[in-house]
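There are 2 protein chains.
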Amino acid sequence: MATIKDVARQAGVAISTVSAVLNRSAPVSQDVIDRVQAAIAKTGYTPHAAARSLRSGRSRLIGLVVPNIANPHFAMVAREVENVCLRAGYTSMVYSSGQDPRRESQVLTMMRVQRVAGLILIPTRSDAGHGAALIDQINVPTVLLDMQVEGLPFDVVKSDNAAAGRLAAEHLIGLGHKHIGMIVGIPGLATSDDRQLGFTQALAQNGLACDRSWIGRGEFDMEQARTAAKKVLYAAPRPTALVAVSNMTTLGVLLAARDLGLAVPRDLSVVGIDDFEMAALMDPQPTVVSTPVREMARASIERLLDIVDKKNAAPQANRIFEPALIVRSSTSRPPA
Amino acid sequence: MATIKDVARQAGVAISTVSAVLNRSAPVSQDVIDRVQAAIAKTGYTPHAAARSLRSGRSRLIGLVVPNIANPHFAMVAREVENVCLRAGYTSMVYSSGQDPRRESQVLTMMRVQRVAGLILIPTRSDAGHGAALIDQINVPTVLLDMQVEGLPFDVVKSDNAAAGRLAAEHLIGLGHKHIGMIVGIPGLATSDDRQLGFTQALAQNGLACDRSWIGRGEFDMEQARTAAKKVLYAAPRPTALVAVSNMTTLGVLLAARDLGLAVPRDLSVVGIDDFEMAALMDPQPTVVSTPVREMARASIERLLDIVDKKNAAPQANRIFEPALIVRSSTSRPPA
DNA sequence: TTTCGTAGTCGAAACGTTTCGTATATTGCA
DNA sequence: TGCAATATACGAAACGTTTCGACTACGAAA
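Below is the structure:
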């Protein structure tokens, strides 16, 4: 492949001059600019990112770590990040942590090997212990997406998760449900914990108790949520409504209801947190607390690039987005 | 950050010896190995991918270009590729072409700048003209996924698209439909063309004509497919069944039917090509010709790594996977 | 006319590795 | 005991850039 040296020879100028043209880093006469550009075209020169980043110490690579790229929710995040990066002359690099701290660590190492200039991280845990583990694995500007991690001093872009849980519960309470359960995710993960907290608070404020057996642990996975929901639905008395902590959880709950021959919403109301692109074509069409995924993704990458480009490196207040209830057909008044 | 130099100093050996330990590229005594490893642990050394790839001329980066990472179908592909790469010590880099040749070209340039060691490409067009344009943009081992491109000498991993179209049509014919239309994608794109070809052949073999007004162009996009399908469904006589060329197209068709107040499958049967993970929770549950996405993705990355690692660089016969019909509730006999 | 500042260009060093030829120590064998 | 062969370790060059100090012209100010 042609190198900057070939371009320089072809244009009859010094290597450093070509570099100056390429980076607009020093004044160059129009004549030379033209010759260099002609030489670039003629040689088919493509800059060598590795050489560039080795010498300059800056990589123009952005790492994105999501729980699972195959989950449409996170795929959407990846798409937004990709778009912003491409426009800004950065290259993004997406990897899945699989919600597993060990794999997360492996992925972070890879990101370090690649010397990414910045990181957007959806963490696998949010407790202080995990924060302590993460802190010496991360040595670049980072924005946390979806939740805070205790002990990590990075900017956070998230939605108001407690509000989401509250909204879901209040909707069901408003419909007259008294026996409301929830399928949560992984304890120690703020998205799950906060949503559960809001849920519990809403129940308490309305004088409702939540039986322990009505809380199931679904691990953000469809099949696990399905199993957990079935267990909850075997409880006596059986809850008449269930809140699902995430999109995959919602699918699991819906399948569990079907497994048990329960009609939604007649026998069981379900409200999910996080919306589905295909909601209109689902059966039932899920009532959902939706979160502005794209806006959040965009906010996080834009904030990150600001920091990386030194436009505004000072840590800022967390960006917190408001969730919104979307009522569809998976909820109704409880059976008489 | 610690460099190999720091490790060498700490271990009291030469830089080249550390390198030999790191890469097992020369015999080193056990004593030295131990000292080097201790030094690595102590200094927290992380290799510098850019320096490594600059010097060695090999990057251990794999590029993946898909139409749209936000489409769950392609997100699944990305996930498989990611997994295989991680296990093999490679790093993958996913980008979306947006089905737009200009953006595809931009993405390919980026991949060249990054000096990827190999490429998995789902092309935006498959005609000879596009092949000619691509050939001088690609200078690394490449595997084409989903379809061939005329004039490109690369290995191909795809499904039997004509068979998919045939399967879809034959299912509808078997149910007794006489008026069958199809919403296709972009002409000049083999996935679409071949599926349409199989579809047309099946009709012809069964003595059925396909009115031109029953073919709509949906561009692999939900909204465009919706519009195209509505137009087709305004035709007189209106088709009693529609085949949709892709997953997004199927969604568009289903929405179009709903827009026009047509019940599926009572008033209109629909069979899609490519399955949905959430099929069980859809209304109607789509009858579909499914394609082994994950297996294809895995086959393509494994083949690519074989080539890149020089294990087997000779071009091989295309890998062609067989599609399968999955009958659900979006198809039935035509209205009397 | 001299001096100074500035636009334009150049050359060489440096970034962190790998690679390869060379040097040294150790072993096996005559 | 001596010598070839082998096993280890080393040093320096090179990969393709960016960066920075130095040099040359030339026009403006004194």
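In the order they appear, the protein sequences are chains X and R.
Numbering-wise (this note's numbering), the first sequence opens with residue 1145 and increments by one.
Numbering-wise (this note's numbering), the second sequence opens with residue 1145 and increments by one.
Using N, Cα and C, we set each Cβ at its ideal position, and we do this for glycine too.
Best match in the options for proximity to residue i [C-alpha to C-alpha]
{"i": "A1348/R", "options": "T1190/R, V1284/R and I1317/R", "result": "I1317/R"}
{"i": "A1423/X", "options": "A1401/X, Q1154/X, H1321/X and L1395/X", "result": "L1395/X"}
{"i": "G1275/R", "options": "D1355/R, M1237/R and S1249/R", "result": "S1249/R"}
{"i": "R1442/X", "options": "K1302/X, G1309/X and V1293/X", "result": "K1302/X"}
{"i": "V1238/R", "options": "L1449/R, A1307/R, I1470/R and V1210/R", "result": "V1210/R"}
{"i": "T1435/X", "options": "Q1243/X, G1201/X and P1467/X", "result": "P1467/X"}
{"i": "R1256/X", "options": "V1397/R, P1191/R, D1150/R and L1166/R", "result": "P1191/R"}
{"i": "P1381/X", "options": "I1279/X, A1307/X and W1358/X", "result": "W1358/X"}
{"i": "V1408/R", "options": "A1195/R, T1393/R and P1430/R", "result": "P1430/R"}
{"i": "I1213/R", "options": "V1432/X, A1222/X and L1205/X", "result": "A1222/X"}
{"i": "Y1378/X", "options": "D1403/X, M1291/X and E1446/X", "result": "D1403/X"}
{"i": "Q1460/X", "options": "E1446/X, A1308/X and S1336/X", "result": "E1446/X"}
{"i": "L1333/R", "options": "Q1345/R, I1184/R, H1217/R and N1305/R", "result": "N1305/R"}
{"i": "A1195/X", "options": "F1218/X, C1354/X, R1259/X and M1254/X", "result": "R1259/X"}
{"i": "S1240/R", "options": "L1208/R, D1271/R and C1229/R", "result": "L1208/R"}
{"i": "D1337/R", "options": "L1288/R, L1398/R, S1270/R and R1410/R", "result": "S1270/R"}
{"i": "D1450/R", "options": "N1350/R, Y1189/R and C1229/R", "result": "C1229/R"}
{"i": "A1155/R", "options": "D1178/R, S1169/R and V1172/R", "result": "D1178/R"}
{"i": "G1105/R", "options": "T1161/R, A1353/R, A1369/R and G1342/R", "result": "Residue 1105/R is absent from the model: chain R starts at 1145 and stops at 1480."}
{"i": "A1308/X", "options": "F1364/X, R1202/X and F1343/X", "result": "F1343/X"}
{"i": "L1448/X", "options": "A1158/X, A1277/X and R1204/X", "result": "R1204/X"}
{"i": "P1479/X", "options": "L1198/X, G1320/X, A1164/X and S1200/X", "result": "G1320/X"}
{"i": "T1147/X", "options": "V1397/R, P1267/R, E1363/R and L1198/R", "result": "L1198/R"}
Where residue i falls: helix, strand or coil (DSSP)
{"i": "F1420/R", "result": "coil"}
{"i": "M1237/R", "result": "strand"}
{"i": "L1386/R", "result": "strand"}
{"i": "R1168/X", "result": "coil"}
{"i": "L1412/R", "result": "coil"}
{"i": "L1398/X", "result": "helix"}
{"i": "T1268/X", "result": "coil"}
{"i": "I1359/X", "result": "strand"}
{"i": "I1282/R", "result": "coil"}
{"i": "V1471/R", "result": "coil"}
{"i": "G1201/R", "result": "coil"}
{"i": "V1251/X", "result": "helix"}
{"i": "V1157/R", "result": "coil"}
{"i": "V1206/X", "result": "According to the sequence as given, residue 1206/X is Ile; it is not Val. Residue state, collapsed to three classes: strand."}
{"i": "V1260/R", "result": "coil"}
{"i": "V1293/X", "result": "coil"}
{"i": "L1484/R", "result": "The structure shown does not extend to residue 1484/R, since chain R spans only 1145 to 1480, so no value can be given for it."}
{"i": "D1365/X", "result": "coil"}
{"i": "G1242/X", "result": "coil"}
{"i": "R1488/R", "result": "With chain R running from 1145 to 1480 in the structure shown, residue 1488/R is simply not present."}
{"i": "I1213/X", "result": "coil"}
{"i": "G1188/X", "result": "coil"}
{"i": "T1147/R", "result": "coil"}
{"i": "G1273/R", "result": "helix"}
{"i": "A1379/R", "result": "coil"}
{"i": "S1163/X", "result": "helix"}
- Item | Under 8 Å (Cβ pairs) to chain R, residues found in the segment 1366 to 1400 of chain X | L1395, L1398 and L1399
- Can you list, in chain order, the residues of the segment 1180 to 1191 of chain X whose Cβ is nearer than 7 Å to any Cβ on chain R? T1190 and P1191
- Count the C-beta pairs between the segment 1371 to 1389 of chain X and the segment 1315 to 1327 of chain X that are closer than 8 Å, then say yes if the count reaches three, no if not. yes
- Output, in sequence order along the chain, the residues in the segment 1411 to 1423 of chain X whose CB is closer than 9 Å to any CB in chain R. F1420, E1421 and M1422
- Taking any Cβ of chain R, which residues in the segment 1255 to 1278 of chain X have a Cβ under 8 Å from it, in chain order? R1256, V1257, Q1258 and R1259
- Message: My parser needs the beta strand (DSSP E) runs of 3 or more residues fully inside the segment 1297 to 1356 of chain R; what are they?
- Response: 1299 to 1303 and 1324 to 1328
- Identify each residue in the segment 1198 to 1214 of chain X for which the Cβ-Cβ distance to at least one residue of chain R is less than 8 Å, and report them in chain order. L1198, S1203, N1212, I1213 and A1214
- Query: Of all the residues that make up the segment 1235 to 1247 of chain X, which are near chain R by a beta-carbon distance shorter than 7 Å?
  - Reply: T1235, M1237, V1238, Y1239 and S1240
- Identify every run of the beta strand (DSSP E) within the segment 1414 to 1469 of chain R, keeping only runs that are complete inside it and at least 3 residues long; order them along the chain. 1431 to 1434 and 1463 to 1465
- Item | chain X contacts made by the segment 1217 to 1228 of chain R, where a contact means CB separation under 7 Å | A1219, M1220, A1222, R1223 and E1226
- At least 3 beta-carbon pairs within less than 8 Å: the segment 1442 to 1462 of chain R vs the segment 1307 to 1317 of chain R: no
- Would the segment 1286 to 1299 of chain R and the segment 1409 to 1425 of chain R be scored as touching if the rule is three or more Cβ pairs under 8 Å? no
- Return the residues of the segment 1427 to 1440 of chain X that lie within a Cβ-Cβ distance of less than 7 Å from chain R, sorted by chain order. D1427
- Mind listing which residues of the segment 1164 to 1180 of chain X have their C-beta closer than 7 Å to chain R's C-betas, in chain order? none
- Message: What are the residues in the segment 1297 to 1310 of chain X lying within 8 Å of chain R by C-beta distance?
- Response: none
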